[in-house]
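Numbering of the sequence shown is given in the working numbering, commencing with residue 14 and proceeding in unit increments.
Heads up, the beta-carbon is just placed ideally off N, CA and C, and yes, glycines get one too.
So the structure is just underneath, and the comments pick up after that.
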Amino acid sequence: MNTDLLRTWLTLPPGPWPPDDRTILGLTAGPLATLDVEQCALAQMEKLRPHQLVHPDLVTEGMNRLAQALITLTEEANRASRSAPTSAKLAGDAEIVLDADLLGGKPRQPVVLEAEVVSVPRILDAPKAEKPRRRPRVPKVPKKKRRKERSPTDSAVDVPTAKVVPPGTTYSPAERRKGYRKLAQMRRVIRTWEKLQPYFAAPSEELSTPGAVFGYVESVRACRRTLAADGDADWFADHGQQVLTVVGQPLSLAVFRSLVIKQRQEVAADWALTTAHLHGRYLGLREEIQNTKPRKIWGSSARQVGRWLRTNPEWVLGLLVVLAVGVGLIRSAPRP
């Protein structure tokens, strides 16, 4: 594998392969910030993308190394940010010094504890104490059993029904073309939304491999582009807000990793509900356009005749007999 090409594409200095994490991302020595690390990693990935078709193996090697460096330096930056307040606090603590003048220059004397002996009457000779009276018990009020609320993933998701169109309604060609364009946009949105499934629909996903990190970054960027171009902002204002909150963050990878398991479950349920509503909305619009399609008179008449012949097969035999008799009469007729 010719790694010199990788160094040329990434503008790296000559040396052994693979280089260290800071060198491959183009970072210098010094404190790190999570935002700077992610921006440098994305910039380096963009340099490799134009060569992916011609040199797939080299680009895959470079992407894997960039993802590994991104994971390592991000964790290092997070550890540094967490340990910085603790070290500053320890540095600011005052040192406690005992002053010798407090002792007055006198040697410390041992303290002698003297115990006073007190006579106590024997327990057996002491008068018996009366038993305390029991307080009357207050009757307990039976508590109402609370029904456990089901999460959205426990029950079936309600899919929106198609819009009912009055029979005989037709669309003009311009309106039908507009409807077909809307269907194409919705198909692109659904395909992009389903690319988030391996990460947002699995609460146990931790993005522990370079391939998972690269796939997450790619799917999030594709989702942002598609929703900005073809997404319905008014519809998404009421659907998929939890997923879009994570996707729209500048540091989406760090935010996704910081979610606890309960938040992951809520995000997964929100993704599943939004997916079902997207499919229902798409099917409803397609059925609405199909119902308003103008029907041809001859086509409907032929279908009615065919349906009548299927329900009355004896008339088919009668027509065949009449046709055979007619052909026989024509052939037996004397020729002039």
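Cβ-based burial, residue i [other Cβ within 10 Å; buried from 16]
| i | result |
| --- | --- |
| Gly-253 | buried |
| Ser-96 | exposed |
| Asp-114 | Residue placement at Asp-114 cannot be trusted, given a pLDDT of 48 that sits under 50; what the coordinates show is reported in the next sentence. Exposed, because fewer than 16 other Cβ atoms sit within 10 Å of the Cβ of Asp-114. |
| Leu-148 | Position check: residue 148 holds Arg in this sequence, whereas Leu was assumed. So Arg-148 ends up on the exposed side. |
| Ser-314 | exposed |
| Asp-251 | exposed |
| Asp-283 | buried |
| Thr-288 | buried |
| Asn-325 | exposed |
Spatial neighbours of residue i in its chain, beta-carbon cut-off 7 angstroms, leaving aside the 5 residues before and after
| i | result |
| --- | --- |
| Val-65 | According to the sequence displayed, residue 65 carries Gln and not Val. So the list reads Val-72, once near-sequence residues are dropped. |
| Met-76 | Met-58, Leu-61 and Phe-227 |
| Thr-205 | Ala-235, Cys-236 and Thr-239 |
| Leu-322 | Trp-328 and Val-329 |
| Val-233 | Val-260 and Ser-265 |
| Asp-245 | none |
Alpha helix (DSSP H) segment containing residue i, residue limits
| i | result |
| --- | --- |
| Arg-6 | No answer is possible for residue 6: the residues shown for the chain start at 14 and end at 349. |
| Glu-327 | 327–345 |
| Asn-15 | Note, Asn-15: premise wrong, no alpha helix (DSSP H); not H, not E. |
| Asp-245 | Looking at the DSSP string, Asp-245 is not in any alpha helix (DSSP H), and its letter there is neither H nor E. |
| Ser-221 | Premise fails: Ser-221 is in no alpha helix (DSSP H) and is neither H nor E. |
| Gln-278 | 274–304 |
| Arg-270 | 265–271 |
| Asp-49 | 47–61 |
| Pro-211 | 210–213 |
| Gln-254 | 254–260 |
Contact set for residue i: own chain, Cβ-Cβ below 6 angstroms, skip 5 residues either direction
| i | result |
| --- | --- |
| Glu-218 | Tyr-212 |
| Asp-243 | Gln-198, Arg-201 and Val-202 |
| Ala-82 | Asp-34, Ile-37 and Leu-38 |
| Val-340 | none |
| Arg-150 | none |
Assumed close pair residue i, residue j - CB separation to whole angstroms, cut-off 8 angstroms
| i | j | result |
| --- | --- | --- |
| Leu-25 | Thr-41 | That pair is no contact at about 13 angstroms. |
| Leu-86 | Lys-60 | At roughly 18 angstroms, the Cβ-Cβ gap does not stay under 8 angstroms, so Leu-86 and Lys-60 are not in contact. |
| Leu-298 | Gly-192 | 7 angstroms |
| Leu-48 | Pro-263 | 7 angstroms |
| Arg-78 | Pro-31 | 5 angstroms |
| Leu-19 | Glu-88 | Not confirmed; about 24 angstroms, so no contact. |
| Ala-214 | Ala-285 | 7 angstroms |
| Leu-355 | Val-256 | In the structure as shown, the chain starts at 14 and stops at 349, and residue 355 therefore has no counterpart that could be examined. |
Close beta carbons around residue i, own chain, < 8 angstroms, minus the five adjacent residues each side
| i | result |
| --- | --- |
| Gly-261 | Arg-237 |
| Leu-220 | Tyr-212, Val-226, Tyr-229, Leu-266, Phe-269 and Arg-270 |
| Leu-272 | Val-259 and Val-280 |
| Val-50 | Leu-38, Leu-40, Leu-83, Leu-86, Thr-87 and Ala-90 |
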